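*Asks:*
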Amino acid sequence: MNEHVRKIKNQEIKTAHYLGKEIQNELIQILANAIKDNILTRVKFAKYYSIILGCTPDISHTEQMTIIFRFVDLESPTSHDGDLVKIKEHFLGFIPVEKSTGGFFAKTLIEQLENFNLPIENLRGQGYDNGGNMKGKGNGVQRKFLDINPRAFFIPCSTHSLNLVVNDACKCSLDAISFFGVVQQIYSYFSGSPSRWQVFRSYFPDFTVKSLNDTRWESRIITLKPLRYKLGKIYDALMQIFQDPRIQTTSVGNSSRNEAKGLAKSICIFKFMLALVSWYDILSEVNISNKILQNKKVDLNVATQ
5 MNEHVRKIKN QEIKTAHYLG KEIQNELIQI LANAIKDNIL TRVKFAKYYS
55 IILGCTPDIS HTEQMTIIFR FVDLESPTSH DGDLVKIKEH FLGFIPVEKS
105 TGGFFAKTLI EQLENFNLPI ENLRGQGYDN GGNMKGKGNG VQRKFLDINP
155 RAFFIPCSTH SLNLVVNDAC KCSLDAISFF GVVQQIYSYF SGSPSRWQVF
205 RSYFPDFTVK SLNDTRWESR IITLKPLRYK LGKIYDALMQ IFQDPRIQTT
255 SVGNSSRNEA KGLAKSICIF KFMLALVSWY DILSEVNISN KILQNKKVDL
305 NVATQ
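Taking my numbering, I'd label the letters of the sequence shown as residues 5 to 309.
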């Protein structure tokens, strides 16, 4: 390697590149290991730590569990100045899991902590969503760790809790279910055909319609924004499709025209307009709360307020 570096410095080698997939993967792995070792060194120096877990399926439908460590970090190991104390969160990686049960998640995480050489007795906090496999009092991950270490207090994800409250509140109202059903139909209608999408884009070059997200309710404000401020243009786009003479001669075209007319009538109803304004204001407040709860500097006092 020294000889290789010398040749490059002396310009004996005009071009140097590492484009092979093997060497690139090796370099990435070396960097990943170095970063991981640095993070674990900081965690071990802090001694006490908390864990945050999340799971989601990847494109191959394999459940991937994320591991995040949260701890009090000292910028300088030789200094105990209070101004240097900071709370840090570090992502350690994805772990493929075969089952979605609380017992299997707990077993996998315990194995990872042993591989990282982090004592479970130093665990002081657990942060998960509100899924039964995570927060379950009998077989949830938090219960498994509390049985081993009673000081590993469990704190549910505050943003996920807020989303569940809004979701359950919406499901209690038939009018709310009907309203969001129409919003989803509008997205499905325009996005279901390139020609209809072009009509929509002609009215909204800077906006777009988006599908509703069932888990992140604060993101629905993006879906409602074009409807809230440009409802008239949505109506015009639907009526343009309904009145288009080029699609009036086929059964498929007539079906599309009929759907456009039905949606146009739906968004003109006073109840829909009232729900649109009300839910936009509600989700605006939800969005603000979510942003505060996800802020890096938020503490327990702010979260409870």
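Glycine is no exception: its CB is placed at the ideal position from the N, C-alpha and C atoms. Just so we're clear, the structure is a prediction, and the values are computed from it rather than from any experiment.
Can you check whether the CB of N134 is closer than 9 Å to the CB of L168?
*Replies:* Their beta carbons are under 9 Å apart, which means L168 touches N134 by this criterion.
*Asks:* Between the segment 97-117 and the segment 144-152, can you find at least three pairs of beta-carbon atoms closer than 8 Å?
*Replies:* Yes: the two stretches touch, three or more of their Cβ pairs being nearer than 8 Å.
*Asks:* Mind checking S83: buried by the 16 CB within 10 Å criterion, or exposed?
*Replies:* With a pLDDT of only 49 at S83, under 50, the local geometry of the prediction cannot be trusted, and the value read off the model is given with reservation. Classification for S83: exposed.
*Asks:* Please work out which residues of its chain come closer than 7 Å, Cβ to Cβ, to R155, disregarding the five sequence neighbours upstream and downstream, and give them in chain order.
*Replies:* These residues qualify, in order along the chain: R128.
*Asks:* Tell me, to the nearest whole angstrom, how far the beta carbon of A279 is from that of D179; I am working on the premise that it is less than 8 Å.
*Replies:* Correct: roughly 6 Å between the Cβ atoms.
*Asks:* For T163, name the three-state secondary structure that DSSP assigns.
*Replies:* Looking at T163 - three-state DSSP - the assignment turns out to be helix.
*Asks:* Is it buried or exposed, H164, if we count other Cβ atoms within 10 angstroms and call 16 or more buried?
*Replies:* Label assigned to H164: buried.
*Asks:* When the distance is taken between beta carbons, is L78 closer than 9 Å to S162?
*Replies:* Contact flag unset, no.
*Asks:* For N311, which option in K11, S182, N153, S192 has the closest C-alpha, if you only look at C-alpha atoms?
*Replies:* Nothing about residue 311 can be read from this structure; the chain reaches only from 5 to 309.
*Asks:* Going by other Cβ atoms of all chains shown within 10 Å of its Cβ, with 16 needed for buried, is T66 buried or exposed?
*Replies:* That one is exposed.
*Asks:* Beta-carbon separation of I91 and F75 under 9 Å?
*Replies:* A contact, by the Cβ cut-off of 9 Å.
*Asks:* I'd like the span of the beta strand (DSSP E) that includes T112, first residue to last.
*Replies:* From DSSP, T112 is part of no beta strand (DSSP E) but of the alpha helix (DSSP H) over 106-119.
*Asks:* Could you tell me how far apart the beta carbons of K229 and L122 are, in whole angstroms, since I believe they sit closer than 8 Å?
*Replies:* At roughly 45 Å, the Cβ-Cβ gap does not stay under 8 Å, so K229 and L122 are not in contact.
*Asks:* Starting from L316, trace the beta strand (DSSP E) both ways and give me its first and last residue.
*Replies:* The question about residue 316 has no answer here: the residues shown for the chain are numbered 5 through 309.
*Asks:* Hey, could you find the ends of the beta strand (DSSP E) G313 is sitting in?
*Replies:* Nothing in the structure corresponds to residue 313, since the chain is present only between 5 and 309.
*Asks:* Where do the N-terminal and C-terminal ends of the beta strand (DSSP E) with T227 fall, by residue?
*Replies:* Counting along the chain, T227 falls outside any beta strand (DSSP E), though it belongs to the alpha helix (DSSP H) covering 224-247.
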